[in-house]
Amino acid sequence: MNTPIIKLFGVVIVLYALLFGFTSYWSIFDAEGLENNVANKRPLLEEQQIDRGDILASDGSVIATSRPRGEGSDRVFIREYPEGGLFGNPIGYSFVERGRVGFELSHNDELVGNKTEFLSILDELRGQVQEGDHVQSSLDPEAQQTALDALGGQQGSVVAMVPSTGEIRAMVSVPTYDPNDVVNSRAFEALNEDENAPLFNRATQAGYQPGSTMKVVTATAALDSGEFEPSSTLDAGSPVEISGVPLENAGGQSFGEIDMETALTNSVNTYWAQVGEELGTDTMYKYMDRFGFNEQPPLDYPSFQIAPSGEFADGRLLGPGSDQIDVGRMAIGQDKLNVTPLQMAMVASAVANDGELMEPRLWSKVIDPDGREDELDPERQSRVMSEETANTLTEMMTDVVNEGTGGAAALAEDQVAGKTGTAEIDIPRSINQAWFIGFAPADDPQIAVAATVERTSGQGGTVAAPIAQQVLEVLLANGGENGDE
Amino acid sequence: MSARSRELLALIPVALLVTAGFTAVLITESDQIGDLSVFYGAYFLGLCLVTHLVIRARLPDADPFLFPLVALLAAFGVVMLFRLDEGLARDQANWFVLGLVLFSLTIILLRDYEALERYRYLIAIAGIALLLLPRIPGIGETTNEAFLSVKVGSLSFQPTELAKICIVVFLASYLNERREVLVVGARRVAGIVVPPLKHLGPLLVIWGAAMVMLVFIRDLGSSLMFFGAFLAMIYVATGRISFVLVGLALFAAGAWFFANTIGHVQERFDIWLDPFHDAGDTGYQVAQSLFAQADGGLFGSGLGESLVQLPGASPKCVEEFPNCGAILPAPHTDFIYAVIVNELGLFGGGAVILIYALIAERGFKTAILAEDGFSKLLATGLTTIIALQAFVIIGGVTRVIPLTGVTLPFISYGGSSIVANFILLALLLLVSDKARRRARREAEAIEAEYA
Numbered sequence: 000m001n002t003p004i005i006k007l008f009g010v011v012i013v014l015y016a017l018l019f020g021f022t023s024y025w026s027i028f029d030a031e032g033l034e035n036n037v038a039n040k041r042p043l044l045e046e047q048q049i050d051r052g053d054i055l056a057s058d059g060s061v062i063a064t065s066r067p068r069g070e071g072s073d074r075v076f077i078r079e080y081p082e083g084g085l086f087g088n089p090i091g092y093s094f095v096e097r098g099r100v101g102f103e104l105s106h107n108d109e110l111v112g113n114k115t116e117f118l119s120i121l122d123e124l125r126g127q128v129q130e131g132d133h134v135q136s137s138l139d140p141e142a143q144q145t146a147l148d149a150l151g152g153q154q155g156s157v158v159a160m161v162p163s164t165g166e167i168r169a170m171v172s173v174p175t176y177d178p179n180d181v182v183n184s185r186a187f188e189a190l191n192e193d194e195n196a197p198l199f200n201r202a203t204q205a206g207y208q209p210g211s212t213m214k215v216v217t218a219t220a221a222l223d224s225g226e227f228e229p230s231s232t233l234d235a236g237s238p239v240e241i242s243g244v245p246l247e248n249a250g251g252q253s254f255g256e257i258d259m260e261t262a263l264t265n266s267v268n269t270y271w272a273q274v275g276e277e278l279g280t281d282t283m284y285k286y287m288d289r290f291g292f293n294e295q296p297p298l299d300y301p302s303f304q305i306a307p308s309g310e311f312a313d314g315r316l317l318g319p320g321s322d323q324i325d326v327g328r329m330a331i332g333q334d335k336l337n338v339t340p341l342q343m344a345m346v347a348s349a350v351a352n353d354g355e356l357m358e359p360r361l362w363s364k365v366i367d368p369d370g371r372e373d374e375l376d377p378e379r380q381s382r383v384m385s386e387e388t389a390n391t392l393t394e395m396m397t398d399v400v401n402e403g404t405g406g407a408a409a410l411a412e413d414q415v416a417g418k419t420g421t422a423e424i425d426i427p428r429s430i431n432q433a434w435f436i437g438f439a440p441a442d443d444p445q446i447a448v449a450a451t452v453e454r455t456s457g458q459g460g461t462v463a464a465p466i467a468q469q470v471l472e473v474l475l476a477n478g479g480e481n482g483d484e
Numbered sequence: 000m001s002a003r004s005r006e007l008l009a010l011i012p013v014a015l016l017v018t019a020g021f022t023a024v025l026i027t028e029s030d031q032i033g034d035l036s037v038f039y040g041a042y043f044l045g046l047c048l049v050t051h052l053v054i055r056a057r058l059p060d061a062d063p064f065l066f067p068l069v070a071l072l073a074a075f076g077v078v079m080l081f082r083l084d085e086g087l088a089r090d091q092a093n094w095f096v097l098g099l100v101l102f103s104l105t106i107i108l109l110r111d112y113e114a115l116e117r118y119r120y121l122i123a124i125a126g127i128a129l130l131l132l133p134r135i136p137g138i139g140e141t142t143n144e145a146f147l148s149v150k151v152g153s154l155s156f157q158p159t160e161l162a163k164i165c166i167v168v169f170l171a172s173y174l175n176e177r178r179e180v181l182v183v184g185a186r187r188v189a190g191i192v193v194p195p196l197k198h199l200g201p202l203l204v205i206w207g208a209a210m211v212m213l214v215f216i217r218d219l220g221s222s223l224m225f226f227g228a229f230l231a232m233i234y235v236a237t238g239r240i241s242f243v244l245v246g247l248a249l250f251a252a253g254a255w256f257f258a259n260t261i262g263h264v265q266e267r268f269d270i271w272l273d274p275f276h277d278a279g280d281t282g283y284q285v286a287q288s289l290f291a292q293a294d295g296g297l298f299g300s301g302l303g304e305s306l307v308q309l310p311g312a313s314p315k316c317v318e319e320f321p322n323c324g325a326i327l328p329a330p331h332t333d334f335i336y337a338v339i340v341n342e343l344g345l346f347g348g349g350a351v352i353l354i355y356a357l358i359a360e361r362g363f364k365t366a367i368l369a370e371d372g373f374s375k376l377l378a379t380g381l382t383t384i385i386a387l388q389a390f391v392i393i394g395g396v397t398r399v400i401p402l403t404g405v406t407l408p409f410i411s412y413g414g415s416s417i418v419a420n421f422i423l424l425a426l427l428l429l430v431s432d433k434a435r436r437r438a439r440r441e442a443e444a445i446e447a448e449y450a
């Protein structure tokens, strides 16, 4: 009987070796994978014991702060958002039960004070408790409030940015939500089930038809490539056959032989569709890429909350080689174009900044617990067009506001340059996506803006332009590109 | 050096572990734990010494390492429980008292353990009755849909823990008597050696019992443990690997059938295959167990440093968030191994596995030294069932096998488990004492002859 006993012991040893092997796999070899698993709340819980830094608005007012609860080793910090829904979507939330989204997620390392391995070991040796830095965002509370009021409950979005630095001064998505509510599981469920999707940041995630605001991109490609001049004339009759299908102007109006300036001022579809066809897909894509289309904008924001803009079919971006592209209709913002309000603010911003596009940014300053400040160093994203093209385009966009469809965006003190857009979503029921993109003052642009309203019966010029006008006015009054400083 | 002196020396590491463990927990959690609580550590060590004296008096020749190894596991357990909640450590220390009293009673009253053979059917019936007890309405309790415990008044206990001893005693006696016929009458059917039909009956009864346990008590872990011990004993009794293979095939077929028909068992399999599929709900326990181990790394986060529950949750909280906020559910029973790996790392977990391996080694050595078949089978069965129980729960926690709720012997919190395992240890030491005494006397006789 002894031999089987020895063999049995062998089996036990093999089984235990298996246990040891699995334990080492989980604790060492797959530890990193497990730590990054979305279901793993441990990193969040550990960070909950850190005094998470505040998020400040551009005027220094507090958007998000942490309040201690409990004492001793049980002390945790709970997030509070004193401004409620004013900064709902861009800032997001941070709760153990819900995870993190938005600015709270993209700036998590600063907010919890994560440092390099070496520095944190030094801190530990000196007995210092990890403490988060404060992060100041570039968002202006007054502009946020103005944009919210101006949208007046209509679903849509406003994005305002400083052309010379890329700082986002306003980012609003309606309906908004109060991040304080998120911690309550029933309220959170209601937010998730709301068919108007308040947790969806329309400014960075929504793919809207841009309508005629796209003509700014088309005009850039036409002028900067040298293939067209402001005086180039085309027969802008109605209808004109584009990609084998007749295309009409708004109201079926025929304009005859007109130049580019007239065509932009009156937003003549048949003119711009022909320009698109003559330029071709490759040239259009070249300029769209320079504006930042076809990739996620390099915003300091979680990548799962940013959508790229471009031509989409079956939920996938189309490349310039695709035979599904109707370049004429794409040039007037129709076809399969889906763009985000952020992307259209970047288009206006690039024209405003003499043709140079700056990377968009939501943060402007990191302030450590000792008060040391680290300020944003603006980064150039791309040279979209020559300064000359930008100046020509600015003049044409000024005409749009002064003489054309964008009159409602005009300001008493400053010259506004811009472009309206009205994408027809449901023609029989006359439901439109209304747009306005622009900047001011035209001769020294301080603020660029994109405003859009979903499913409205109004036009870009009547619905979106007044919203953009109010946001521009507030931001210019608040010091323009320099803000309150 | 005598066996008992070696035992006393081997208890020194236990004292060191308890002292170091309690000190470490006290330092990290000084704001919540009173200084007096160190008392439980001293209390535990005192118990070990008293037990050592009982063994010294009654079983002078018993294996010198079994008790220190078990005490080492118990020390691990009591330190981990102290770290979780001082109340748990206090309760556990009280269970040790009861366990050690029954341990002492067993070795005092049962000098001649071979008497057990005479009562084997009575013992078998008692074992089965114990297993079925949780199904009796009014006193039976379910945990995760399994009928695991009995509750009378405020006292709750898990009869499976005691039943395992009864079953092993019965099997040792039964197989010892029948092993000759099992081997001799075996026939070859389709290339496999099959025991004679007449004797196959009892085997099928045991297979059926394991299956009934699976269905009736819905306890996959215990049925795996029982059936594993049964196969190990039949293998040792007959030396026929084919019996084991037939048994395994039968068990696998039964388990597969029930896995596909009983939701509870099927769910366990699904979670085992992919705990992250529904990590917020059904897979929560296993996923959290793995996360806790990942947090531990090579050396662990240190005693008292791991996240067991949400900060601010009550120390008594063992139910997962949002019920009360245990991040790792049942950290004091089923998942105590995950807490050990979390706080003491792969080193701590490896040490625990090593101790079980050493206990298995001492247990099997006892079986080899024993002279008669009953003693050999008894020692084999008792050792195997402890070794398998540790494998079943650590395997479940580390995702080697589907998770089933059995306790980690000598470490997990729980009275029935502690008490039953100490009785089991007493039986093993009784077998060992007899075997080693004979060996010692033979050696002495040879020496005397030479002198």
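Chains D and U supply the protein sequences, listed in that same order. Per numbering that gives the first Met the number 0, the very first residue in the first sequence carries number 0; after that it's consecutive. Per numbering that gives the first Met the number 0, the very first residue in the second sequence carries number 0; after that it's consecutive. No residue lacks a Cβ here, since even glycine has one placed at the ideal position from N, Cα and C.
Interface residues of chain U facing residue i [CB-CB closer than 7 Å]
i	result
N1 (chain D)	I367
A38 (chain D)	F275, A278, G279 and A286
F19 (chain D)	G349 and I352
A30 (chain D)	A293 and G296
Residue i to residue j span [Cα, whole Å]
i	j	result
Q91 (chain U)	L407 (chain U)	14 Å
T419 (chain D)	F311 (chain D)	23 Å
G20 (chain U)	G303 (chain U)	10 Å
D177 (chain D)	G152 (chain D)	15 Å
F81 (chain U)	H276 (chain U)	34 Å
V245 (chain U)	I393 (chain U)	26 Å
S156 (chain D)	A88 (chain U)	59 Å
N39 (chain D)	V400 (chain D)	53 Å
F75 (chain U)	L16 (chain U)	8 Å
A220 (chain D)	D325 (chain D)	16 Å
L44 (chain D)	V95 (chain D)	6 Å
Contact list for residue i against chain D, beta-carbon separation under 7 Å
i	result
F81 (chain U)	Within 7 Å Cβ-Cβ: nothing; F81 (chain U) doesn't reach chain D, min ~16 Å.
Q292 (chain U)	T22, W25 and S26
L345 (chain U)	T22, S23, S26 and I27
Within chain U, partners of residue i - CB distance below 9 Å
i	result
Y15 (chain D)	I352, L353, Y355, A356, A359, A386, A389, F390 and I393
I12 (chain D)	A356, A359 and E360
8 Å Cβ cut-off: residues of chain D touching residue i
i	result
G76 (chain U)	Near G76 (chain U) there are no residues of chain D at all, since even the closest Cβ is about 17 Å away, more than 8 Å.
V235 (chain U)	M0, P3, I4 and L7
K433 (chain U)	Within 8 Å Cβ-Cβ: nothing; K433 (chain U) doesn't reach chain D, min ~16 Å.
The ligand FAD heavy atom lying under 7 Å from the CB of residue i
i	result
L129 (chain U)	Among the components modelled here there is no ligand, and therefore nothing to report on the ligand FAD.
Presumed contact (8 Å Cβ cut-off) between residue i and residue j, rounded CB distance
i	j	result
R221 (chain U)	V405 (chain U)	The sequence given here places Ser at residue 221 (chain U); Arg does not occur at that position. Going by Cβ atoms, the distance from S221 (chain U) to V405 (chain U) rounds to 6 Å, so yes, they are a contact pair.
I161 (chain D)	A169 (chain D)	It is worth fixing the name first, because residue 161 (chain D) is Val in this sequence and not Ile. In fact, because the Cβ distance is near 11 Å, the residues do not count as touching under 8 Å.
L138 (chain D)	P89 (chain D)	6 Å
E130 (chain D)	D50 (chain D)	5 Å
L223 (chain U)	V391 (chain U)	6 Å
T260 (chain U)	D218 (chain U)	Between D218 (chain U) and T260 (chain U) the Cβ distance is about 16 Å, and since that is not below 8 Å, they are no contact.
A30 (chain D)	A293 (chain U)	4 Å
Chain U contact residues for residue i, given Cβ-Cβ distances below 8 Å
i	result
R97 (chain D)	Ordered by position in chain U, no residue passes the 8 Å Cβ test against R97 (chain D), which lies about 12 Å from the chain.
Completely contained alpha helix (DSSP H) runs for the stretch 258–305 of chain U, where each covers 4 or more residues: List check, alpha helix (DSSP H) in window: 262–272 and 283–295.
Any beta strand (DSSP E) of 3 or more consecutive residues that is wholly inside the stretch 104–188 of chain D: The stretch 104–188 of chain D contains these whole beta strand (DSSP E) runs: 133–136, 155–160 and 167–173.
At least 3 beta-carbon pairs within less than 8 Å: the stretch 161–170 of chain U vs the stretch 123–140 of chain U: Touching, yes, given that three or more Cβ pairs across the two stretches are closer than 8 Å.
Inter-stretch contact (C-beta, 8 Å, three-pair minimum) for the stretch 417–437 of chain D and the stretch 448–458 of chain D: Contact between the stretch 417–437 of chain D and the stretch 448–458 of chain D is present, because at least three Cβ pairs lie under 8 Å.
Length at least 3, wholly inside the stretch 313–379 of chain D: the beta strand (DSSP E) runs in chain order: Complete beta strand (DSSP E) runs here, min 3: 355–357, 362–366 and 372–374.
Sufficient close CB pairs (3 or more, under 8 Å) joining the stretch 233–249 of chain D to the stretch 286–297 of chain D: Cβ pair count under 8 Å is below three, so no.
Every unbroken beta strand (DSSP E) within the stretch 228–262 of chain U, with a cutoff of 3 residues, ordered by chain: Taken in chain order, the stretch 228–262 of chain U contains no complete beta strand (DSSP E) segment of 3 residues or longer.
Segment contact, 8 Å Cβ cut-off, at least three pairs: the stretch 63–72 of chain D with the stretch 326–343 of chain U: No, because fewer than three Cβ pairs between the stretch 63–72 of chain D and the stretch 326–343 of chain U fall closer than 8 Å, the two stretches do not touch.
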